[in-house]
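Here this note's numbering is used: the first residue of the sequence shown is 1, the next is one more, and so on.
Glycine residues also receive a C-beta, built at the ideal position from the N, C-alpha and C atoms.
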Amino acid sequence: MSPPVFRFAPSPNGYLHLGHAFSAMLNDGLAREAGGRFLLRIEDIDTTRCKPEFEAAIDEDLAWLGIIWETPVRRQSEHFACYRAALEKLAGLGLVYPAFESRAETARLVAEREQEAPWPRDPDGAPLYPGTARALAPEEQARRLQSGASYALRLDMAAACARVGQLSWIERGKGPEGESGSVAANPAAWGDVIIARKETPTSYHLAVVVDDALQGITEVVRGLDLFWSTSVHRLLQALLGLPQPVYRHHGLIRDASGQKLSKSTEATGLRELRAAGVTPAEIRHRVGLG
């Protein structure tokens with residue numbers, strides 16, 4: 001029997017904070033306890049925001065924490081061809097369509113519908129895409145694509161769900177309402193999710209399931225904020241014929257106001273804590289792994 005394979009997959013678009021430290025140390029610790037492997041993956045499909053200096057800082061911070069990972073490290077920006085192949089497979093099944101609306105135009109469409117009745121939201125609270133581009137004739141789609149118009153490639157969720165039927169995943173942690181064991185997936189709650197854009201042949205959802213399969217990841221240990229995203233990942237795994245890992249979603253490290261730590265809110269970085277004299281042992285204690 002092969003050893004379990006864990007991974008830590010940060011984006012190099014900022015410096016790591018305590019929340020990242022918790023997830024990285026938890027994955028590393030579980031891998032050691034199980035006699036398994038620990039991989040580092042750099043999720044840098046956003047080539048505009050991701051910077052080499054942030055990736056270098058990730059290496060420094062993890063090494064300071066005493067974490068050792070296998071090499072070579074997988075960088076998503078080096079594997080766009082893998083994601084493009086998966087996208088083409090979904091398109092071949094008739095499950096992908098281009099949507100040409102800007103974010104502002106999509107917001108206007110939703111606002112128009114909300115004048116009649118409340119519009120459904122996804123598990124993150126964002127309004128579902130109205131699906132208007134699905135009705136475009138193939139000739140009109142081709143005309144707009146040839147014109148060079150911007151677009152997002154969306155998954156026809158209703159058709160995709162009908163193709164695979166009911167799905168579930170094994171949860172070794174606990175969901176927002178205590179869900180554990182076999183959890184029923186509900187990808188339809190996300191509507192027609194974006195799986196690629198004109199300038200990038202993948203999205204987080206598509207890239208993560210392709211990477212997990214290609215790297216042989218058997219244990220996905222990540223934050224509770226991604227719990228219901230697993231529904232979309234299970235759907236893509238089923239459509240693409242990819243193996244199903246076991247999932248364990250952990251609690252989030254929050255600031256004094258109860259908000260989860262985030263790069264966008266400039267949460268105190270590990271490099272700043274290190275410069276202030278904080279030790280790795282103190283970091284472990286702060287995140288509850290002491």
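Are residue i and residue j closer than 9 Å when you measure CB to CB?
i: V5; j: E219; result: yes
i: L242; j: V210; result: yes
i: L26; j: V246; result: no
i: A162; j: A133; result: no
i: Y129; j: R113; result: no
i: D61; j: R271; result: yes
i: L87; j: L214; result: no
i: W190; j: D122; result: yes
i: G223; j: G14; result: no
i: P3; j: R41; result: no
Which residue comes first and which comes last in the alpha helix (DSSP H) that contains residue i?
i: A184; result: Counting along the chain, A184 falls outside any alpha helix (DSSP H), though it belongs to the beta strand (DSSP E) covering 181-184.
i: G92; result: 80-92
i: F22; result: 18-33
i: L155; result: That residue, L155, is in no alpha helix (DSSP H); its beta strand (DSSP E) goes 152-155.
i: W64; result: 52-64
i: S231; result: 229-240
i: R103; result: 103-114
i: R271; result: 270-275
i: V73; result: From DSSP, V73 is part of no alpha helix (DSSP H); its letter is neither H nor E.
i: L289; result: Element bounds for L289: n/a, residue is neither H nor E.
i: R144; result: 138-146
i: D211; result: 204-214
Tell me the residue span of the beta strand (DSSP E) that contains residue i.
i: V5; result: 5-8
i: P280; result: Segment 280-286 is the alpha helix (DSSP H) holding P280; no beta strand (DSSP E) there.
i: A196; result: 194-197
i: L97; result: Checking the sequence, you will find Tyr at residue 97 rather than Leu. Its beta strand (DSSP E) spans residues 96-99.
i: Y247; result: 246-250
i: L39; result: 37-42
i: R222; result: 219-223
i: E171; result: 168-171
Using a beta-carbon distance below 9 Å, is residue i in contact with chain B?
i: L235; result: No chain B appears in the structure shown, which is made up of a single protein chain.
How would you label residue i, buried or exposed, when you count the other beta carbons within 10 angstroms and need 16 or more for buried?
i: P176; result: exposed
i: S150; result: exposed
i: D28; result: buried
i: M1; result: exposed
i: S182; result: exposed
i: S23; result: buried
i: P120; result: exposed
i: D124; result: exposed
i: G178; result: exposed
i: S180; result: exposed
i: A275; result: exposed
Report back the beta-carbon spacing between residue i and residue j to the nearest angstrom; my notes put them in contact at under 8 Å.
i: A159; j: L95; result: 6 Å
i: I300; j: L261; result: Coverage of the chain is limited to positions 1 through 290, which leaves residue 300 absent and any answer about it impossible.
i: A126; j: I194; result: About 11 Å separates the two Cβ atoms, so there is no contact after all.
Inspect the CB distances between the stretch 5-17 and the stretch 54-68 and report whether three or more fall short of 8 Å.
yes
Would you call the stretch 186-206 and the stretch 168-175 touching, i.e. three or more CB-CB distances under 8 Å?
no
Quick test of the definition: if touching needs 3 or more C-beta pairs under 8 Å, does the stretch 102-120 touch the stretch 75-82?
no
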